[in-house]
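Here the sequence shown is numbered in this note's numbering, starting from 196 and rising by one per residue.
Backbone N, C-alpha and C define an ideal beta-carbon position, used for all residues, glycine too.
Working notes, structure below.
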Amino acid sequence: MTEPVRGLGARLFVALQHLLPQHLLSALMYRLARVRWRPLKDLLIATVLRLYRIDMTEAAAPNAKTYVHFNAFFTRALRPDARPLDPDALAVVSPVDGTISQSGRITAGRVIQAKGRDYSVEELLGGDPERARVFDGGTFATIYLAPSDYHRIHMPLGGDLAWMHHIPGRLFSVNNVTADLVPRLFARNERVACRFETDVGAMAMVLVGAIFVGGIETVWAGEVTPARDRSRGANTGTGAGSVRLERGAEMGRFNLGSTVILLFEPGRVQLDETLAPGCKVRLGQRLGRPAAASEHVES
Numbered sequence: 196m197t198e199p200v201r202g203l204g205a206r207l208f209v210a211l212q213h214l215l216p217q218h219l220l221s222a223l224m225y226r227l228a229r230v231r232w233r234p235l236k237d238l239l240i241a242t243v244l245r246l247y248r249i250d251m252t253e254a255a256a257p258n259a260k261t262y263v264h265f266n267a268f269f270t271r272a273l274r275p276d277a278r279p280l281d282p283d284a285l286a287v288v289s290p291v292d293g294t295i296s297q298s299g300r301i302t303a304g305r306v307i308q309a310k311g312r313d314y315s316v317e318e319l320l321g322g323d324p325e326r327a328r329v330f331d332g333g334t335f336a337t338i339y340l341a342p343s344d345y346h347r348i349h350m351p352l353g354g355d356l357a358w359m360h361h362i363p364g365r366l367f368s369v370n371n372v373t374a375d376l377v378p379r380l381f382a383r384n385e386r387v388a389c390r391f392e393t394d395v396g397a398m399a400m401v402l403v404g405a406i407f408v409g410g411i412e413t414v415w416a417g418e419v420t421p422a423r424d425r426s427r428g429a430n431t432g433t434g435a436g437s438v439r440l441e442r443g444a445e446m447g448r449f450n451l452g453s454t455v456i457l458l459f460e461p462g463r464v465q466l467d468e469t470l471a472p473g474c475k476v477r478l479g480q481r482l483g484r485p486a487a488a489s490e491h492v493e494s
């Protein structure tokens, strides 16, 4: 663990987040990101391009000034050839561009958040023990999206939507500093959890919100957060039984950086050993393979 994560500055940064009106600030960012007044939206886009050195040659629309507002730029589509899927048809691929925060085995129903910190799958998925039990002993991968990353989310495997659940919560930052210091971070933040039935069993994708993340969308339900109706947290069925998405298809998107958590049933997916914390991944890159296929290759 590096000293900056443990230092006084990091602790003050996290303490400030406890005091800030997280939802109000995120609502203001939501509005700001959709302002169409050209001088302001061009300034916002130019600032991000300068700070993060984004490669616009990968974008389907490479001219930054053609985007109608900042959010359209931030959730921009890529060229069809910019993120080819792993050629192995059995490979489980990364759903996003990002950085591996943690990955490994789900033990006693708990997932590693950071060194010395974990949280329960039951809490992450909204408090239903039956939904959580199927993943106990399985594998997980947590991927953090920085502001410089592509912010559409795609399918690691083809699957049929079984359920979607919006869980209201806090909006802490999800960077490494906050993950190191805030207990149960990903199970406390607002999030959208989705379960898909795939050829290798159940797969959960949890889209975790964060401060200044102005919205989480899915392709079948549209904008899920910010929720205009707070009772939407009980939504468990939008799209269920009618949505089939193939590997690599877009399933949702974030406004600004956040985190995607993948959960797989036990004995179904063998994650690559190279997925160490801090490892950069790109959409379509192999994360692992079905366990039976992996064992076959090794034998």
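The beta carbon of R278 sits closer than 7 Å to those of R477, L478, G479, all from its chain and outside the five residues before and after it, given in chain order. Proximity of the region 394-402 to the region 363-378 falls short of the contact definition, fewer than three beta-carbon pairs being nearer than 8 Å. Between K475 and the set A397, I301, P290, the nearest pair of CA atoms involves P290. In terms of Cβ geometry, L380 and V408 do not form a close pair [threshold 7 Å]. In its chain, beyond the 5 residues on either side, A259 have a beta carbon closer than 7 Å to the beta carbon of L244. Cβ neighbours of E418 within its own chain (closer than 6 Å, five residues either side excluded): G410, E412. Beta-bridge pairing by DSSP links Y339 to T294, T454. Inter-residue distance for A388 and L238 is about 34 Å (C-alpha atoms, whole angstroms). As a beta-bridge residue in DSSP terms, I411 pairs with T420, F449. Taking C-beta separations shorter than 6 Å and ignoring five residues to either side along the sequence, R226 has no partners in its chain. DSSP links D313 through a beta bridge to I307. If you check the CB distance, V455 and I362 do not come in under 7 Å.
Residue burial is scored here from C-beta neighbours: P378 has fewer than 16 other C-beta atoms within 10 angstroms and is therefore classed as exposed. Cβ contact annotation for I249 (same chain, cutoff 8 Å, sequence separation greater than five): V243, S343, in chain order. Counting along the chain, M224 sits inside the alpha helix (DSSP H) bounded by residues 217-227. Within 10 angstroms of the beta-carbon of Y345 lie 16 or more other beta-carbons, which makes it buried. Distance from the CA of G202 to the CA of V230, rounded to the nearest whole angstrom, comes to 38 Å.
The closest CA to that of S221, considering only L458, R448, T420, Q465, is found on T420.
When DSSP states are grouped into helix, strand and coil, P234 belongs to the helix group.
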